[in-house]
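To start, the structure under review is shown below, and the notes come after it.
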Amino acid sequence: MARTARMAQIEALLAEDPNDAFLRYGLAMEHASAGDDAECATVLRDLIARTAAEPYVPAFLQCGQALMRLDRTEEACAVLKQGIDAARKTGDTHAQGEMQGLLASLE
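The sequence shown: position 22 = 21 (numbering that gives the first Met the number 0), numbered continuously.
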């Protein structure tokens, strides 16, 4: 997939602050918007790994959805299970419920 101007802008900002979770999430969403679910999932997995101590909960749901669109159901389920646990630990009941619903539809 071709890089967009917005992707380039986000990547430039990430070069200055590689641990900015919001920017990394934004980059993943740009890839999803461009139809590149594989790269979206890669960026989100990186984000999940970087924020393991303080999980960026939306990344789990979006990663699960991207993997689902790629027909990688087993991987999607694993990510969603991780996300449900992360959401529970952070008290994000809304995200937890969304991920549980998506997981239930996949299993």
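Built from N, CA and C at the ideal position, the CB exists for glycine as well.
Values in this document were obtained by computation on a predicted structure and should not be read as measured data.
DSSP places L69 outside both helix and strand once states are collapsed to three, so it counts as coil. Check the Cα spacing between R23 and each of T41, K88, C76, A94: the tightest is with T41.
Look at G34 here: in three-state DSSP terms it is coil, with no helix or strand label. Straight across, the Cα-Cα distance linking A14 with Q95 is about 32 Å. Rounded to the nearest angstrom, the gap between the Cα atoms of A65 and L12 is 24 Å.
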